[in-house]
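Heads up: the structure comes next, in structure tokens.
Numbering (the working numbering), first residue to last: 1012 to 1358.
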């Protein structure tokens, strides 16, 4: 990566797998966006210029572009802190974004398949090496944990050093659904009931408004409408596939993983302090995992717990500066080649 020019050079480009390899080889591949931040032009000649990578996974009914601003800021600051170039791969998960129309991603639409898609993407894009960081929000956070679980199997590529799970409970959510779960289920049912294609986003806003949804949620869902061949608007995501993914998200339990992460990996569990997605049992499980992993990471990885103030579930929108401040030290440590990501946390 060139290091001349302005102190930081940001590049944003859409990476369609079909543009990077033959179309036959692209089948079964996820789409992603990529942002770069070059290292300082005044960096020491002795400093390594290895390109560092963070992989970012979005939440339910979203796409990689939802986290673009966060990724750009994180890459800029990581490049400044480490003196090395950074990039972020903003992945569109199966049934979401451009990957919703990708060939070769058959059911089942569960976390295991979703994570396997990501593992295969990493194998192709990183050629057998690991990203320095794996970051997931909500559904993407639990997907990140499943990626870690799969990479721990024999014969897999190395683990990322720093894993961030942003406001996603690592435990199962079975039995009577809580308020947050019911809200998501209500959104899914409402989206299922909207007949597409639509003539305009205003038509969507009217339909959602009649059901009592906030203007912010109306506009967020409206951002997932794309024009079909006739110029009318339809969903970019596959709602039935996304609903199946959410159902599996509720069922999967990663308590054992966070209590014994793979060596040289730090699992950073972040709770947004205004989020309604955390119950006492989940918090107890996370704190128990933090206590259980307070030992050298070469023996076993670490779990760390962080609290982000002034933020609800949408951490990247509510408090992006605070979020980057929390995450940055772990990325710098992951790039140091001296140990796993993660620094002092709330506990």
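Where is the CB? At the ideal position from N, CA and C, for every residue including glycine.
Just so you know, these numbers come straight off a predicted model, no measurement behind them.
{"Check": "Rounded C-alpha distance that separates residue 1332 from residue 1117", "Outcome": "38 Å"}
{"Check": "Continuous alpha helix (DSSP H) assignments of at least 4 residues falling wholly in the segment 1264-1313", "Outcome": "1266-1270 and 1291-1303"}
{"Check": "C-alpha distance - residue 1146 paired with residue 1140, whole-angstrom precision", "Outcome": "17 Å"}
{"Check": "Per-residue DSSP class, three states only, for residue 1339", "Outcome": "helix"}
{"Check": "Those residues which DSSP pairs with residue 1198 across a bridge", "Outcome": "Paired residue(s): none; residue 1198 is not in a bridge."}
{"Check": "At least three beta-carbon pairs within less than 8 Å, the segment 1072-1086 to the segment 1126-1143", "Outcome": "no"}
{"Check": "Residue 1130 and residue 1102 closer than 9 Å at C-beta", "Outcome": "no"}
{"Check": "Given residue 1268 as reference, the closest of 1242, 1312 and 1291 once Cα atoms are compared", "Outcome": "1312"}
{"Check": "Residues near residue 1150 in its chain [Cβ-Cβ closer than 6 Å; skip 5 each side]", "Outcome": "1070, 1071 and 1260"}
{"Check": "Bridge partner(s) assigned by DSSP for residue 1260", "Outcome": "Its beta-bridge partners do not exist; DSSP assigns none."}
{"Check": "Alpha-carbon spacing of residue 1128 relative to residue 1110, whole angstroms", "Outcome": "10 Å"}
{"Check": "Touch test, the segment 1085-1098 against the segment 1323-1343, Cβ-Cβ under 8 Å, three pairs minimum", "Outcome": "yes"}
{"Check": "Span of the beta strand (DSSP E) around residue 1045", "Outcome": "1043-1048"}
{"Check": "Residues bridged to residue 1315 (per DSSP)", "Outcome": "1279"}
{"Check": "Per DSSP, cross-strand counterpart(s) of residue 1147", "Outcome": "1068 and 1176"}
{"Check": "Residue range of the beta strand (DSSP E) that includes residue 1237", "Outcome": "1236-1238"}
{"Check": "Residue-chain proximity (residue 1325, chain B), Cβ-Cβ < 9 Å", "Outcome": "Of the protein chains in this structure there is only one, and it is not chain B."}
{"Check": "Assigned secondary structure, residue 1245 (DSSP; H/G/I helix, E/B strand, else coil)", "Outcome": "strand"}
{"Check": "The segment 1185-1193 / the segment 1213-1223 touching (three or more Cβ pairs under 8 Å)", "Outcome": "no"}
{"Check": "Run of the alpha helix (DSSP H) containing residue 1129, from where it starts to where it stops", "Outcome": "1122-1137"}
{"Check": "Assigned secondary structure, residue 1054 (DSSP; H/G/I helix, E/B strand, else coil)", "Outcome": "Note that residue 1054 scores 49 on pLDDT, short of 50, meaning its location in the model is unreliable and no value can be drawn from it."}
{"Check": "Beta-ladder partner(s) of residue 1101, from DSSP", "Outcome": "1044 and 1067"}
{"Check": "First and last residue of the uninterrupted alpha helix (DSSP H) at residue 1212", "Outcome": "1212-1221"}
{"Check": "Residues sharing a beta bridge with residue 1209, DSSP", "Outcome": "1244"}
{"Check": "Collapsed DSSP secondary structure at residue 1038 in the structure displayed", "Outcome": "coil"}
{"Check": "Beta-carbon proximity check, residue 1121 vs residue 1152, cutoff 9 Å", "Outcome": "no"}
{"Check": "Close beta carbons around residue 1300, own chain, < 7 Å, minus the five adjacent residues each side", "Outcome": "1269, 1270 and 1314"}
{"Check": "Buried versus exposed call for residue 1198 [16 or more other C-beta atoms within 10 Å across all chains shown]", "Outcome": "buried"}
{"Check": "Candidates 1062, 1132, 1176 and 1323: closest to residue 1105 by CA position", "Outcome": "1132"}
{"Check": "Chain-order list of residues whose beta-carbon lies under 6 Å from that of residue 1343 (same chain, five-residue window excluded)", "Outcome": "1092 and 1093"}
{"Check": "CA nearest to the CA of residue 1233, picked from 1187, 1169, 1246 and 1305", "Outcome": "1246"}
{"Check": "Supposed close pair residue 1107, residue 1326 - CB separation, criterion 8 Å", "Outcome": "That belief does not hold up - the Cβ atoms of residue 1107 and residue 1326 are roughly 19 Å apart, past 8 Å."}
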